[in-house]
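The structure appears below as structure tokens.
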Amino acid sequence: MIRNYKLEDIDKNWSSLQNQKKSVTVSTINKELYGEVFTPFSLINKMFDIIPVKTFEDPSLKWLDPGAGTGNFSIILYFKLLEHLKEKIPDIEERKNHIIKKMIYMIELRCENTEILKNLFGSDANIYEVNFFNYECEFFFDVIIGNPPFNNNGLKKVPTNSKSNKLHDGYTCWSAFIIKSIFMMKPTTGLLCMFIPSIWLKPDKEKIYYLLTQYDIKKLNCFSNTETNKIFKGNAQTPSCFFLLTKKATDNIISIFDIHENDYVDYDLKPEIPIPVCNISIINKINNLVKGVVCPLKVIKTNMPPKRTIFSKIKSKETPYPNITTCLQNRKTKMPELIINYSNNPLIGANKAKLVLAHKMYGLPYLDISGEFGISNRDNYIIYKENPADLIKLQKFLSTKIALYVFEATRYRMKYLEKYAFQLLPDITNLPDFPTEINDITVADYFQLKKI
């Protein structure tokens, strides 16, 4: 049982704990049916680091682990409380009993997991084998922690998951965990520390952005799909984050971890504006310089063309109109290569001077001053300007490292270029003092950035 271990020995004793937990490998079936992925101790420790120390020192608080699994969060929590409650409860046996019986509450749906939890924490622990959404309690919790299942009844289809079929997609359930958790938190003082997909950081139809940003989010750490995949050793591939939220009104400031600064950087929340996942200091410099002076860059995100449109790979009498369908980057030369098809009717953008960002990750702006091309695919971006000189300026600006940093800061869905990136980029054609020679150095100097 966990009572027999010490905090400083947890890594050494993990192999022994593994035996008690039978197996910490992720079952493919359980991953698909229940969204079950075991959270590594290293990540849990990072999450607990953003919770104020005084929280672990208060023996009156009640903690909830709503998707307990085989107990990783509660294991680390138990040891943290055991260490920090030494002064308040000096007797170690009394301290252990108090933590297990009066402080930690675990909810888990699967009976196989609850048996493991009981073997670890004892039959007198607060372990409930129930669907979290059906769980009712007569009191509010002080702190709710965890890594809720991202999906249920099947994996969500993502570009890097070639085996999953969109027709048999599972449904997203992490957002319901968030809603239920906030409901169960103590008003004004309740804390929520959870690991969830980063997609909530953009204002969209799911409305989790609006739910969470009304509360006081003090700390936020984000991870790209590659970083998430590494943390979970190949068992997760969604851009993700963890945060600390207090159930009180927001002060419109979030401290977001910036790897370039190796520290948390304050970011001002603005209505309907996305929250960046990285490069916070760069975005702050841009925002501070153009605040109230110039509007964000206006772009049009394309949809699929009309269903009756006829396409061909070659130009003919029936299909005379050229279109950009997408853009690829040559692996050897790194130069952009447009993929063209032809249609029976002119499509959006045809016969108009424009800038087209058709590469799905980097944009790679293509200048079409003559209006030669229409656009024949979804998720391409068009910028119109009456003055061709403005389009040339924007092409140069959107090819700089600064623009790429902003694109990277809005990777909410794998590596896609998001329309939200353009809400964080100014329309530099409206800045009267913007440099005439546009390159990485001049743009960095203008925004008062360090060498990039």
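The sequence shown begins at 2 in our numbering and counts up by one.
Think of the CB as a built atom: it goes at the ideal place given N, C-alpha and C, for glycine as much as any other residue.
Checklist line | Option nearest I257 by Cα separation, candidates T251, Y322, T247 and F243 | finding: Counting from one through the sequence shown, the residue named residue 257 turns up at place 256. Answer by Cα proximity: F243.
Note to self: For L314 and L399, what's the separation of their Cα atoms in angstroms?
What the structure shows: Residue numbering aside, residue 314 sits at position 313 when the sequence shown is read from its first letter. Residue numbering aside, residue 399 sits at position 398 when the sequence shown is read from its first letter. Correcting the residue identity first, residue 314 is Lys in this sequence and not Leu. C-alpha separation (whole angstroms): 29 Å.
Note to self: Taking the straight line between their C-alpha atoms, what separation do you get for S75 and P60?
What the structure shows: As a first step, residue 75 is located in the sequence shown; it is residue number 74 there, counting from the start. As a first step, residue 60 is located in the sequence shown; it is residue number 59 there, counting from the start. Each residue's alpha carbon lies about 16 Å from the other.
Next item on the list: Would you list, in sequence order, the uninterrupted alpha helix (DSSP H) runs of no fewer than 4 residues that lie entirely inside the region 84-139?
Entry: Entirely contained in the region 84-139, the alpha helix (DSSP H) runs reaching 4 residues are, in chain order, 93-99 and 112-122.
Notebook entry, point to check: Hey, is the region 171-189 in contact with the region 221-229, meaning 3+ C-beta pairs nearer than 8 Å?
Noted result: Fewer than three Cβ pairs drawn from the region 171-189 and the region 221-229 lie within less than 8 Å of each other, which leaves the two stretches out of contact.
Check: Would I349 pass as a contact of P306 if the rule is Cβ separation under 9 Å?
Finding: The count along the sequence shown starts at 1 and reaches residue 349 at position 348. The count along the sequence shown starts at 1 and reaches residue 306 at position 305. Yes, the Cβ-Cβ distance between I349 and P306 is below 9 Å.
Next item on the list: Could you tell me the distance, in whole angstroms, from the CA atom of L86 to the CA atom of I105?
Entry: To locate residue 86, count along the sequence shown from 1; it is residue 85. To locate residue 105, count along the sequence shown from 1; it is residue 104. Their backbone Cα atoms lie some 14 Å apart in a straight line.
Notebook entry, point to check: Where E207 and W201 are concerned, what is the direct C-alpha to C-alpha distance, given to the nearest angstrom?
Noted result: Sequence index remark: in the sequence shown, residue 207 carries index 206 (1-based). Sequence index remark: in the sequence shown, residue 201 carries index 200 (1-based). About 8 Å.
Check: Thinking C-alpha only, which one of L245, D252, K234 and Y363 is nearest Q215?
Finding: For this step, residue 215 is matched to residue 214 along the sequence shown. Checked all of L245, D252, K234 and Y363; the closest Cα to Q215 is D252.
Margin query: What residue range does the alpha helix (DSSP H) around W64 cover?
Written below: In the sequence shown, residue 64 corresponds to position 63, counting from 1. W64 -> not in any alpha helix (DSSP H); beta strand (DSSP E) instead, spanning W64 to D66.
Check: Given a threshold of 16 other Cβ atoms within 10 Å of its Cβ, counted over all protein chains shown, does C296 qualify as buried or as exposed?
Finding: Within the sequence shown, the letter at position 295 stands for residue 296. C296 should be labelled exposed.
Next item on the list: Whole angstroms is fine: what's the gap from G463's alpha carbon to N46's?
Entry: Residue 463 lies beyond the stretch modelled for the chain, which goes from 2 to 453, so this question has no answer here.
Next item on the list: Would you mind reading off the limits of the alpha helix (DSSP H) that contains M186?
Entry: Residue 186 sits at position 185 when you count from the first residue of the sequence shown. No alpha helix (DSSP H) contains M186, which DSSP labels as neither H nor E.
Item checked: beta strand (DSSP E) segment containing A404, residue limits -> Indexing the sequence shown from 1 puts residue 404 at position 403. Taken as a continuous stretch (DSSP letters only), A404 belongs to no beta strand (DSSP E), being part of the alpha helix (DSSP H) at K402 to E409.
Note to self: Strictly by DSSP, which residues pair up with F142?
What the structure shows: Along the sequence shown, read from residue 1 onward, the residue named residue 142 stands at position 141. F142 pairs with M186.
Note to self: Taking the alpha helix (DSSP H) that S282 belongs to, which residues open and close that run?
What the structure shows: One-based indexing of the sequence shown puts residue 282 at position 281. Note, S282: alpha helix (DSSP H), I281 to V291.
Notebook entry, point to check: Any idea which residues DSSP pairs T173 with across the strands?
Noted result: Stepping through the sequence shown from its first residue, residue 173 is reached at position 172. Looking at the DSSP assignment, T173 forms a beta bridge with N152.
Check: Among residues of its own chain, excluding the 5 on either side of Y265, which ones have a beta-carbon nearer than 8 Å to its beta-carbon?
Finding: The residue labelled residue 265 in the question sits at position 264 within the sequence shown. Correct list, in chain order: K220, S256, I257, F258 and D259.
Check: In three-state terms, what does DSSP make of N440?
Finding: For the purposes of this step, residue 440 is taken as residue 439 along the sequence shown, with counting starting at 1. Three-state DSSP puts N440 in coil, outside helix and strand.
Checklist line | Simplified DSSP state of L193, which is helix, strand or coil | finding: Mapped onto the sequence shown, residue 193 falls at position 192. L193 carries a strand assignment under DSSP once its states are collapsed to helix, strand and coil.
Check: What is the C-beta distance between I197 and I179, in whole angstroms, given that I count them as a contact (C-beta under 8 Å)?
Finding: Counted from its first residue, the sequence shown places residue 197 at position 196. Counted from its first residue, the sequence shown places residue 179 at position 178. Their Cβ separation, rounded to whole angstroms, is 7 Å, which keeps I197 and I179 in contact under 8 Å.
Note to self: Short of 6 Å in beta carbon distance, which residues of its chain neighbour K386, apart from the five on each side in sequence? Order them along the chain.
What the structure shows: Along the sequence shown, read from residue 1 onward, the residue named residue 386 stands at position 385. Cβ neighbours of K386 beyond the five flanking positions: L392.
Notebook entry, point to check: Under 9 Å, do N331 and P323 count as touching if we go by C-beta distance?
Noted result: Against the sequence shown, residue 331 aligns to sequence position 330. Against the sequence shown, residue 323 aligns to sequence position 322. No.
Notebook entry, point to check: Can you pull the DSSP bridge partners for H360?
Noted result: Position 359 of the sequence shown, counted from the first residue, corresponds to residue 360. H360 is bridged to G364.
Check: Do the region 106-115 and the region 67-74 meet, that is, are 3 or more Cβ pairs less than 8 Å apart?
Finding: Here the region 106-115 makes contact with the region 67-74; the two share three or more CB pairs at distances below 8 Å.
Checklist line | Spatial distance of K167 from K103 (CA atoms) | finding: As a working note, residue 167 is residue 166 in the sequence shown. As a working note, residue 103 is residue 102 in the sequence shown. Low confidence applies to K167: its pLDDT is 44, below 50, so where it sits in the model is not reliable, and the reading given next is rough at best. If I take the Cα positions, the gap works out to 44 Å.
Margin query: To the nearest angstrom, how far is the alpha carbon of K318 from that of S377?
Written below: Against the sequence shown, residue 318 aligns to sequence position 317. Against the sequence shown, residue 377 aligns to sequence position 376. Cα to Cα, the separation comes out at about 18 Å.
Next item on the list: Ignoring anything shorter than 3 residues or poking outside the region 306-352, list the beta strand (DSSP E) runs there in chain order.
Entry: Runs of the beta strand (DSSP E) inside the region 306-352: 322-330 and 337-344.
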